[in-house]
Every structure is written in structure tokens, then in C-alpha cells.
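What follows is one structure encoded as C-alpha cells, with my remarks underneath.
Numbering (mature numbering (1 follows the signal peptide of the UniProt record, and there is no 0)), first residue to last: -30 to -1, 1 to 381.
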């Protein structure tokens, strides 16, 4: 059977053969405007064992995902993202594909689900950052199974640094599924690191988005990433009717070339503008030019709120507070913390309110500009409300701390 977490015993039972192989090798808020009170916390729930979604003969995969925002909360729902990824993996039919581009794999449950998928005929391909192998052995174990035959269409690769440029890291966290049940072209991307420790310590968000255009945008970058080379490494951007995406690394590391600065430049400033940010890391020159812009927007009438994670520098917080930005601690005395790299914005345009939410892996640091990062923005009032419910639970958590008192237990 799959490895069990002592804090979360619900797992689908697997055959003894798979076990031996492994040893060998929403609550939508009904907001009417941005000043509405936060939604009450959802009940703590888990995703049921996904083997029950299949027909008795195992031939049918009946779970069909929809586009949504998934939040992992170490206090209320610590395994929500892991459970949802397992459910997605379990409902990919034979002959389809799963492609993973994520910093590391440190979850026995996800490793087991990927092995099961491979054994039933799903093509499984994964890229992980090489320097994470020692601390997160599940990725290496998966590779021992998937890489046994070099002619297979399934494999695991490790990259030392960015896949598309020299330096940096492969820091993206993306899972793509060619089919899940009745849904085609499913992309899951955001800030979630795939490990049990992250489940129990980190507040993280992931888009689960069912859209061929989004899937193809990520696939286009993947094609360069798996070659471990990009002849012209640069910021790559994509746009659809109600979404946009960007992918680092950046070669022009200047305010004019920064996708976050471009985003902020496109948001009109006024009393109706509200910006909310949950950010794990902000430091160095990039962080300061973003902080200066947000402080300036606050001075001109925008309402800006920041939940500052463990490595948001004191000078960044001071700069933003000087402009009237409301800053809250996103590191907590119990060792939990926000791992988000997310922002939402709402503003009036032509008499109509716009709602955008951006979720991804891009920390607002200069170093991060050299790394493989992905950010997906969605224009949607329901998704904005979903983000707002998550954000308000994070913002109002008791026990927030900074500096020496912040000791996040990361993984």
C-alpha cells in the first residue's frame, strides 16, 4: 500500500506488488465588493481515496476536475493539495501523459501515485532540481523505476540550476495532465513544494486549471526546459481571453523588464483599487523597486495589503509601510509560514470592476529572476473571492512574528 502519513491515514490501498516495487527501488465567498468581511473558515476536509472514482474493472476514470484554486493550510487542511494531486494522478487513463516540472519530490504518497500511473500505462515525465536530491529521496526513487529502460517515454531528470539559462535554480512547481477522467488539458501550478513537511508547515496555493490554451503555454516552455537548453533564454509571456502567464528566467534584470512591474503599471490607481499580496520572499534590489512602486500606489489612493513571509527584508517592509501599505507577519510562532508568491488586484475600469489573481512560484527577489519560475494570472470574480477567503485567514492568523522569532520549519 502507499506510505501512510500518521496525521492523515486516508489513502487508497494498493497491491502488494506495487508496495514491493516501491521498497525496491471551496468555499466560494459571496462577496459583493472588496470590503466585504472574509468568509468563515471551511471545514477541515480531505479528498476521498480516488480509487473509488474508478469502475470496478479499473477501466473507467470517472472523476472530472474543474478549474479552481486549491489552498493548503497547515492548521486546517494540511494535505489538501497533496490529496488533490493524488486524485488527479489516479484518474489519468492509460495512454495519457503526466508531466511534472517541480523543485523536488518529497512526498511518499505522490511518488507512489506516479509509480502506479506508470505501471498502468500512463507516460510519466518529471524534472527536479538536482541539489534537492539528498533531502528529498522520493524523486530519486521514482527515477530508479522510470529510468530503467532508456527507450521508455517515461523518465526522471535532474537539472543543476535553471533548465533554460546558466545559474539560478529549477524552482517551478507545475503538474500537467493530458487527461483526467472526462477533462482534457489540466494544469496545476503555483507555490506548493511536494513534500510531507511542506504539507504540515506551509500555506501554499495552486491553480487547477482546465484549459487547452493554458496547457499549451506551459507545454511550449516545457519543450525548451526538457532540452536543458534555450538558445535565447528570456522572459516568455502568454495571454488568453481571461488569463496570462509568464516564465522566467529573465535576461534583462531591470524594472522595465520585470513582469511584476509591468503588471503594476497596468493597474489604475484610485480609491477603488485594492491589491493584496502574500509573499514568501522579498529582498535585494528587485524587491525594493517593487516595494517603491507599491508604496507609491498606496500614497495615491490604492489600498495595498501585504502578508510578509519569512524572508521579506526589514527594509522592504519599512518602505511599504512608509507609503501606507498595511503589513502583516506571515511567519508564525509554531513554525508554520506562508510559502505563497501571490497577488490579487481589483479596480474600476469603464465603470466595471475588474478582478485578477496571480499565483505562481516567483519570489520577488533579484536572484529569483535567474531561475525557472512560472506565474499564472486569472481574471475571474469567483477565483478572486476564493483567493480573498484564503488571504483573510492568513492575514488574521494569531502568532505572527518577524526576524529572529521567525524560525520556519521548511521542506
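Every residue, glycine too, gets a C-beta built ideally from N, C-alpha and C.
Inset, instruction - Could you give the DSSP three-state label for residue 142: helix, strand or coil? - result: Position 172 of the chain shown, counting from 1, holds the residue named residue 142. In the structure shown, residue 142 sits in coil (DSSP, three-state: anything other than H, G, I, E or B).
Inset, instruction - Could you tell me the distance, in whole angstroms, from the CA atom of residue 342 to the CA atom of residue 165? - result: The residue given as residue 342 occupies position 372 in the chain shown. The residue given as residue 165 occupies position 195 in the chain shown. Approximately 19 Å, taken between the alpha carbons.
Legend entry - Beta carbon of residue 75 nearer than 8 Å to that of residue 81: Translated into the one-based positions of the chain shown, residue 75 becomes position 105. Translated into the one-based positions of the chain shown, residue 81 becomes position 111. Against a cut-off of 8 Å, the Cβ pair of residue 81 and residue 75 comes out as a contact.
Inset, instruction - Check whether the Cβ atoms of residue 346 and residue 215 sit closer than 8 Å, and answer yes or no. - result: What you label residue 346 is simply residue 376 of the chain shown in a count that begins at 1. What you label residue 215 is simply residue 245 of the chain shown in a count that begins at 1. Yes, Cβ-Cβ distance for residue 346 and residue 215 is below 8 Å.
Legend entry - Distance between beta carbons of residue 100 and residue 130, contact taken as under 8 Å: Along the chain shown, one-based indexing puts residue 130 at 160. Along the chain shown, one-based indexing puts residue 100 at 130. At roughly 4 Å, the Cβ-Cβ gap stays under 8 Å, so residue 130 and residue 100 are in contact.
Inset, instruction - Buried or exposed for residue 362, please, with buried defined as at least 16 other CB atoms from any protein chain shown within 10 angstroms of its CB. - result: The residue you call residue 362 lines up with position 392 of the chain shown. The residue in question, residue 362, is buried, as its Cβ has 16 or more Cβ neighbours within 10 Å.
Inset, instruction - Please state if the CB of residue 42 and the CB of residue 48 are separated by a distance shorter than 8 Å. - result: Start at 1 with the first residue of the chain shown, and residue 48 comes out as number 78. Start at 1 with the first residue of the chain shown, and residue 42 comes out as number 72. A contact, by the Cβ cut-off of 8 Å.
Inset, instruction - Look up residue 274 in the DSSP assignment and give the residues it is bridged to. - result: If you number the chain shown from 1, residue 274 lands on position 304. According to DSSP, which records beta bridges pairwise, residue 274 is partnered with 245.
Legend entry - Status (buried if at least 16 other CB within 10 Å, exposed otherwise) for residue 135: As a working mapping, residue 135 is identified with position 165 in the chain shown. Residue 135 should be labelled buried.
Inset, instruction - Find the nearest neighbour of residue 46 within the set 277, 88, 169 and 60, judged by alpha-carbon distance. - result: Here residue 46 corresponds to residue number 76 of the chain shown, with the count starting at 1. Answer by Cα proximity: 169.
Inset, instruction - May I ask which residues mark the beginning and end of the alpha helix (DSSP H) holding residue 183? - result: The residue labelled residue 183 in the question sits at position 213 within the chain shown. Here the alpha helix (DSSP H) through residue 183 covers 182 to 195.
Legend entry - Selection from 251, 246, 175 and 273 that minimises the alpha carbon distance to residue 239: Mapped onto the chain shown, residue 239 falls at position 269. When each option's Cα is compared against that of residue 239, the closest is 273.
Legend entry - 8 Å contact criterion, which residue 192 and residue 380 should meet: CB distance rounded: Within the chain shown, residue 192 is the residue found at index 222, counting from 1. Within the chain shown, residue 380 is the residue found at index 410, counting from 1. Rounded, the Cβ-Cβ distance is 27 Å, inconsistent with contact.
Inset, instruction - Between the Cα of residue 53 and those of 323, 280 and 162, spot the shortest distance and give me the residue it belongs to. - result: As a first step, residue 53 must be located in the chain shown, where it is residue number 83. Minimum Cα distance to residue 53 is reached at 162.
Legend entry - Collapsed DSSP secondary structure at residue 232 in the structure displayed: Along the chain shown, read from residue 1 onward, the residue named residue 232 stands at position 262. The answer is helix: DSSP assigns residue 232 an H, G or I state.
Inset, instruction - Identify which residue in 230, 40, 84 and 176 has its Cα closest to the Cα of residue 315. - result: Sequence index remark: in the chain shown, residue 315 carries index 345 (1-based). Taking only the C-alpha atoms, the option nearest residue 315 is 230.
Legend entry - Secondary structure of residue 361, DSSP reduced to three states: Locating residue 361 in the chain shown gives position 391, where the first residue counts as 1. Helix at residue 361.
Inset, instruction - Output the distance between the C-alpha atoms of residue 262 and residue 224, rounded to the nearest integer angstrom. - result: Here the question's residue 262 lines up with position 292 in the chain shown. Here the question's residue 224 lines up with position 254 in the chain shown. So the alpha carbons of these two residues sit roughly 14 Å apart.
Legend entry - Any non-hydrogen atom of the ligand SAM closer than 7 Å to residue 311 Cβ: Because no ligand of any kind appears in the structure shown, any question about the ligand SAM cannot be addressed here.
Legend entry - Beta-carbon proximity check, residue 142 vs residue 40, cutoff 8 Å: Indexing the chain shown from 1 puts residue 142 at position 172. Indexing the chain shown from 1 puts residue 40 at position 70. Contact: no.
Inset, instruction - Out of 139, 210, 352 and 321, point me to the one whose CA is closest to residue 327's CA. - result: Position 357 of the chain shown holds residue 327. The shortest C-alpha separation from residue 327 is found at 352.
Legend entry - DSSP state of residue 373 mapped onto helix, strand, coil: Within the chain shown, the letter at position 403 stands for residue 373. Residue 373 falls in the helix class under three-state DSSP.
Inset, instruction - Provide the residue span of the beta strand (DSSP E) that contains residue 265, from first to last. - result: The residue given as residue 265 occupies position 295 in the chain shown. No beta strand (DSSP E) contains residue 265, which is instead part of the alpha helix (DSSP H) from 254 to 269.
Inset, instruction - Pick helix, strand or coil for residue 58, following the three-state DSSP scheme. - result: Within the chain shown, the letter at position 88 stands for residue 58. Correct three-state label for residue 58: helix.
Inset, instruction - Excluding the 5 residues preceding and the 5 following residue 207 in the sequence, name in chain order all residues of the same chain whose CB lies nearer than 6 Å to its CB. - result: The residue given as residue 207 occupies position 237 in the chain shown. So the list reads 216, once near-sequence residues are dropped.
Inset, instruction - Output yes or no for whether 8 Å exceeds the beta carbon distance between residue 94 and residue 124. - result: Translated into positions along the chain shown, residue 94 becomes position 124. Translated into positions along the chain shown, residue 124 becomes position 154. Cβ distance < 8 Å, so residue 94 and residue 124 count as in contact.
Inset, instruction - Indicate whether residue 256 and residue 308 have their beta-carbon atoms separated by less than 8 Å. - result: The residue you call residue 256 lines up with position 286 of the chain shown. The residue you call residue 308 lines up with position 338 of the chain shown. No, the Cβ-Cβ distance between residue 256 and residue 308 is not below 8 Å.
Legend entry - Inter-residue spacing [alpha-carbon to alpha-carbon] between residue 149 and residue 180: Counting from one through the chain shown, the residue named residue 149 turns up at place 179. Counting from one through the chain shown, the residue named residue 180 turns up at place 210. Computed Cα separation, rounded: 10 Å.
Inset, instruction - For residue 5, name the three-state secondary structure that DSSP assigns. - result: Reading the chain shown from its first residue, position 35 is the one you call residue 5. Note that residue 5 has pLDDT 36, beneath the 50 cutoff, so the model's placement of it is unreliable and the number below is only indicative. Three-state result, residue 5: coil.
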